[in-house]
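What follows is one structure encoded as structure tokens, with my remarks underneath.
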Amino acid sequence: MEHTFILHSDQEIGKINRNIYGHFAEHLGKGIYEGIWVGEDSPIPNTNGIRNDVVKALKQINIPVLRWPGGCFADEYHWKDGIGTHSERKRMVNTHWGGAVENNHFGTHEFMMLCEMLECEPYICGNVGSGTVQEMSEWVEYMTFEGESPMTEWRKGNGRDEPWSLTYFGVGNESWGCGGNMTPEYYADLYRRFQTYVRNYGENKIYKIAGGANVDDYNWTEVLMEKAGNLMDGLSLHYYTIPGEFWKGKGSATNFTTDEWQITMKKALYMGELISKHGEIMDKYDPEKKVGLIIDEWGTWFDVEEGTNPGFLYQQNTIRDALVTGLHFHIFQEHCDRVQMTNIAQTVNVLQAMVLTNNEEILLTPTYHVFDMFKGHQDGNLLLAEKTEAETSEIPQVSISASKNELGQVTISLCNLDLQEEAVIKLKINMDLQTKEISGKLLTATEMNAHNTLENPNTVVPIDIEEISIFDNELEVSLPPMSVAVLTLV
Ligand code: AHR
Numbered sequence: 017m018e019h020t021f022i023l024h025s026d027q028e029i030g031k032i033n034r035n036i037y038g039h040f041a042e043h044l045g046k047g048i049y050e051g052i053w054v055g056e057d058s059p060i061p062n063t064n065g066i067r068n069d070v071v072k073a074l075k076q077i078n079i080p081v082l083r084w085p086g087g088c089f090a091d092e093y094h095w096k097d098g099i100g101t102h103s104e105r106k107r108m109v110n111t112h113w114g115g116a117v118e119n120n121h122f123g124t125h126e127f128m129m130l131c132e133m134l135e136c137e138p139y140i141c142g143n144v145g146s147g148t149v150q151e152m153s154e155w156v157e158y159m160t161f162e163g164e165s166p167m168t169e170w171r172k173g174n175g176r177d178e179p180w181s182l183t184y185f186g187v188g189n190e191s192w193g194c195g196g197n198m199t200p201e202y203y204a205d206l207y208r209r210f211q212t213y214v215r216n217y218g219e220n221k222i223y224k225i226a227g228g229a230n231v232d233d234y235n236w237t238e239v240l241m242e243k244a245g246n247l248m249d250g251l252s253l254h255y256y257t258i259p260g261e262f263w264k265g266k267g268s269a270t271n272f273t274t275d276e277w278q279i280t281m282k283k284a285l286y287m288g289e290l291i292s293k294h295g296e297i298m299d300k301y302d303p304e305k306k307v308g309l310i311i312d313e314w315g316t317w318f319d320v321e322e323g324t325n326p327g328f329l330y331q332q333n334t335i336r337d338a339l340v341t342g343l344h345f346h347i348f349q350e351h352c353d354r355v356q357m358t359n360i361a362q363t364v365n366v367l368q369a370m371v372l373t374n375n376e377e378i379l380l381t382p383t384y385h386v387f388d389m390f391k392g393h394q395d396g397n398l399l400l401a402e403k404t405e406a407e408t409s410e411i412p413q414v415s416i417s418a419s420k421n422e423l424g425q426v427t428i429s430l431c432n433l434d435l436q437e438e439a440v441i442k443l444k445i446n447m448d449l450q451t452k453e454i455s456g457k458l459l460t461a462t463e464m465n466a467h468n469t470l471e472n473p474n475t476v477v478p479i480d481i482e483e484i485s486i487f488d489n490e491l492e493v494s495l496p497p498m499s500v501a502v503l504t505l506v
């Protein structure tokens, strides 16, 4: 089908916070241990214990911010167990995630080192559910204070003289569920108390993120904004795309029907409605949009791969995941006035991962490639892109988003959600296209469950778009079914 859009390259309608392209890595399954941390003595090439191949891959996609240590794990995590000499750190069982032994070898210093390697901002989630105000307060002090104090001395004794710079701090996770099963009223009061002791030391200014709603729990947002909106910089929201039902079978990552493809797209698009509705409530209390909506967990959630620990949440990743990713970014960008950060769950080996590992081997998923292709949008200004004909279908065939960076380079991303139909895209742009260098990348597949494996790592990889036609100020490109494309105009 043919789709015509008018792209107003002179109408910038908001700034796309680069943190929309953020990530989340939890102590869960092989997300941290094996996925990122292998230890200094590992035969897997590493730098101070962090595997080189994964860092190299992740650096390529310009991760702006990384959330850690959970997730549900955050409300069971006691940071003091994860500092000091490795062999002396406490061992515990990760009761929430698969009963794995947690040796605490990856702790605050290792996480901060990872962020330095990735050149990204740390986003730390503190423990409200089973922790204390003192514990949270001292963690911030340990990381960011440079004056005289027991925490500073302790940090120095553990080999780090300078405090780290830490902007993003979450006060609890899913406090309505695994983070303590609280009511919104109770959590709002706790939030007010805990956040008081999340101090700004010296130049370090913390952006405080309150634990927000699950999916469509609008009452949670209402209560939090009313009772504590003036004491937060961000409020979170969690929503996963699950084709089936959470407790009754979520659906397979690779073995699914065309109906499940459609349901998945529909459920991914639901993110738009959630942001609008939570956003309306936030607008009531915060019309100037000072409080960011922080979608710090999103992505596909399928049944685990056969034979893997159900608590490890290990799933494959297909071209369907790539489309879900593209759609989410378009939605987040459309709402860039309120959405200031998002964190896909999760970076390595867990849920909708970028990278899957098997001992010393790694592969890059279709989701990874979308992050790579879309990175031109980071920090860009969102442009108005209008469809010439009104959209009538519940699941549109094509989704588009465009931005312009400060150098004037335009990035246009497109998704063709259809399983069979090609989409012919006509883009009328008020720019002199003849003077532009135009290039394009395409991610597609011939099977809806196409995915990369260790044996065949290049089944779903981006290719150059060979044919982009230009007529005066109109650009035309054809997108095969099931594809994500990015055009760059320099
Ligand atoms: O990402 C997996 C889990 O999903 C997180 O630990 C939790 O916050 C959410 O329920």
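The sequence shown begins at 17 in the working numbering and counts up one residue at a time. For each residue, glycine too, the CB sits at the ideal point set by N, CA and C.
- Item | Residues near valine 144 in its chain [Cβ-Cβ closer than 7 Å; skip 5 each side] | On the sequence shown, position 128 is the one that residue 144 refers to. Closer than 7 Å at Cβ, skipping near neighbours: Asp91, Val187, Gly188, Ser191, Gly195, Gly196, Leu206, Phe210.
- Query: Are there 16 or more other CB atoms within 10 angstroms of the CB of isoleucine 445, so buried, or fewer, so exposed?
  - Reply: Taking the first residue of the sequence shown as 1, we reach residue 445 at position 429. The residue is buried, with at least 16 neighbouring Cβ atoms inside 10 Å.
- Message: Using CA atoms only, rank isn't needed, just tell me which of Glu304, Lys403, Gln436, Asp319 is closest to tyrosine 256.
- Response: To locate residue 256, count along the sequence shown from 1; it is residue 240. Per the Cα distances, Asp319.
- Task: Mind checking who tyrosine 139 pairs with in its DSSP beta bridge?
- Result: Counting from one through the sequence shown, the residue named residue 139 turns up at place 123. Arg83, Tyr184, per the DSSP bridge assignment.
- Item | Under 8 Å between C-beta atoms of cysteine 141 and glycine 86 | The residue you call residue 141 lines up with position 125 of the sequence shown. The residue you call residue 86 lines up with position 70 of the sequence shown. Yes, Cβ-Cβ distance for cysteine 141 and glycine 86 is below 8 Å.
- Output the boundary residues of the beta strand (DSSP E) element that contains asparagine 230. The sequence position of residue 230 within the sequence shown is 214, counting from 1. Where asparagine 230 is concerned, the enclosing beta strand (DSSP E) stretches over 223-230.
- Message: Using only CA atoms, which one of Asn421, Ala73, Phe272 lies nearest to leucine 372?
- Response: Within the sequence shown, the letter at position 356 stands for residue 372. Closest by alpha carbon: Ala73.
- In or out: glycine 115 buried (at least 16 other Cβ within 10 Å) or exposed? For this step, residue 115 is matched to residue 99 along the sequence shown. Glycine 115 comes out exposed.
- Which first and last residues belong to the beta strand (DSSP E) in which threonine 168 is found? As a working note, residue 168 is residue 152 in the sequence shown. That residue, threonine 168, is in no beta strand (DSSP E); its alpha helix (DSSP H) goes 166-173.
- Message: Taking the beta carbon of methionine 152 as the centre, do at least 16 other beta carbons fall within 10 Å, making it buried, or is it exposed?
- Response: Numbered from its first residue, the sequence shown carries residue 152 at position 136. Under this definition methionine 152 is a buried residue.
- Classification of glutamine 450 by the beta-carbon crowding that lies within 10 angstroms, buried from 16 upward: On the sequence shown, position 434 is the one that residue 450 refers to. Under this definition glutamine 450 is an exposed residue.
- Cβ neighbours of asparagine 359 in the same chain (closer than 6 Å, five flanking residues each side left out): As a working note, residue 359 is residue 343 in the sequence shown. Gly38, His39, Phe40, Arg83, Asp312, listed in sequence order.
- At least one CB of chain C closer than 8 Å to the CB of valine 440: is that the case? You won't find chain C in this structure, because it holds only one protein chain.
- What residue range is occupied by the uninterrupted beta strand (DSSP E) comprising lysine 444? Along the sequence shown, read from residue 1 onward, the residue named residue 444 stands at position 428. Note, lysine 444: beta strand (DSSP E), 439-445.
- Message: I'd like the ranges of any beta strand (DSSP E) spanning at least 3 consecutive residues and lying wholly in the stretch 371-435.
- Response: 371-374, 377-380, 397-403, 414-420, 426-432
- Query: Helix, strand or coil: which one does DSSP assign to glutamine 150?
  - Reply: Locating residue 150 in the sequence shown gives position 134, counting from the first residue. Note: glutamine 150 maps to helix in three-state DSSP.
- Task: Identify the continuous beta strand (DSSP E) that holds asparagine 359 and give its terminal residues.
- Result: The sequence position of residue 359 within the sequence shown is 343, counting from 1. Run containing asparagine 359: 355-361, per the beta strand (DSSP E) assignment.
- Identify every residue that forms a DSSP beta bridge with valine 109. By 1-based counting over the sequence shown, the position of residue 109 is 93. Per DSSP, Val117.
- Item | Whole-angstrom distance between threonine 427 and glycine 392, CA atom to CA atom | The residue given as residue 392 occupies position 376 in the sequence shown. The residue given as residue 427 occupies position 411 in the sequence shown. When rounded, the distance between both Cα atoms is 6 Å.
- Message: Let's see if you can read the secondary structure: which residues bound the alpha helix (DSSP H) around tyrosine 286?
- Response: Counted from its first residue, the sequence shown places residue 286 at position 270. Start and end: 274-301.
- Task: Identify whether tyrosine 49 lies in helix, strand or coil by the three-state DSSP scheme.
- Result: Reading the sequence shown from its first residue, position 33 is the one you call residue 49. The answer is strand: DSSP assigns tyrosine 49 an E or B state.
- Message: At the level of alpha carbons, what is the spacing between isoleucine 214 and proline 179?
- Response: Mapped onto the sequence shown, residue 214 falls at position 198. Mapped onto the sequence shown, residue 179 falls at position 163. Sequence check: residue 214 is valine here, not isoleucine. For valine 214 and proline 179, the distance between alpha carbons rounds to 15 Å.
- Item | Same chain, Cβ closer than 7 Å to glutamate 242, neighbours up to 5 away in sequence not counted | Here residue 242 refers to the residue found at position 226 of the sequence shown. Closer than 7 Å at Cβ, skipping near neighbours: Tyr301.
- Task: Give every residue of the same chain whose Cβ lies closer than 7 Å to the Cβ of serine 499, excluding the five residues on either side of it in the sequence, and list them in chain order.
- Result: By 1-based counting over the sequence shown, the position of residue 499 is 483. Asn432, Leu458, Leu459, Thr460.
- Message: Nearer than 7 Å: is that true of the beta carbon of glutamate 190 relative to any heavy atom of ligand 1?
- Response: Here residue 190 corresponds to residue number 174 of the sequence shown, with the count starting at 1. At least one heavy atom of ligand 1 is nearer than 7 Å to the Cβ of glutamate 190, so yes.
- Query: beta strand (DSSP E) containing glutamine 368: first to last residue?
  - Reply: The sequence position of residue 368 within the sequence shown is 352, counting from 1. Counting along the chain, glutamine 368 falls outside any beta strand (DSSP E), and DSSP gives it neither H nor E.
- Message: Measuring only the C-alpha atoms, how far is glycine 327 from asparagine 365?
- Response: Counted from its first residue, the sequence shown places residue 327 at position 311. Counted from its first residue, the sequence shown places residue 365 at position 349. Cα-Cα distance, rounded: 12 Å.
- The alpha helix (DSSP H) with glutamine 27 in it runs from where to where? Start at 1 with the first residue of the sequence shown, and residue 27 comes out as number 11. From DSSP, glutamine 27 is part of no alpha helix (DSSP H) but of the beta strand (DSSP E) over 18-31.
- Determine the closest residue to isoleucine 279 out of Gly456, Gly260, Lys306, Glu104, with distance taken between C-alpha atoms. Here residue 279 refers to the residue found at position 263 of the sequence shown. Measuring from the Cα of isoleucine 279, the nearest candidate turns out to be Gly260.
- Query: Beta carbon of histidine 254: closer than 7 Å to some heavy atom of ligand 1?
  - Reply: Here residue 254 is taken as the residue at index 238 of the sequence shown, counted from 1. Yes.
- Residue range of the beta strand (DSSP E) that includes tyrosine 256: Reading the sequence shown from its first residue, position 240 is the one you call residue 256. Here the beta strand (DSSP E) through tyrosine 256 covers 250-257.
- Exposed unless 16 or more other CB atoms sit within 10 angstroms - verdict on phenylalanine 272: Working through the sequence shown from its first residue, we reach residue 272 at position 256. That one is buried.
- How many whole angstroms separate the CB atoms of histidine 351 and isoleucine 291, which I take to be in contact at a CB cut-off of 8 Å? As a working note, residue 351 is residue 335 in the sequence shown. As a working note, residue 291 is residue 275 in the sequence shown. Between isoleucine 291 and histidine 351 the Cβ distance is about 5 Å, and since that is below 8 Å, they are a contact.
- Query: Using the C-alpha atoms, what's the distance from tryptophan 53 back to glycine 123?
  - Reply: Counting from 1 along the sequence shown, the entry for residue 123 is found at position 107. Counting from 1 along the sequence shown, the entry for residue 53 is found at position 37. Spanning the two alpha carbons is a distance of roughly 10 Å.
- Give the C-beta separation of leucine 253 and glycine 315 to the nearest angstrom, bearing in mind that I take them to be a contact with Cβ-Cβ under 8 Å. Counting from one through the sequence shown, the residue named residue 253 turns up at place 237. Counting from one through the sequence shown, the residue named residue 315 turns up at place 299. Contact doesn't hold; Cβ gap of about 13 Å is too wide.
- Inter-residue Cα distance where the pair is arginine 34 and methionine 298: On the sequence shown, position 18 is the one that residue 34 refers to. On the sequence shown, position 282 is the one that residue 298 refers to. Going from the Cα of arginine 34 to the Cα of methionine 298 covers about 22 Å.
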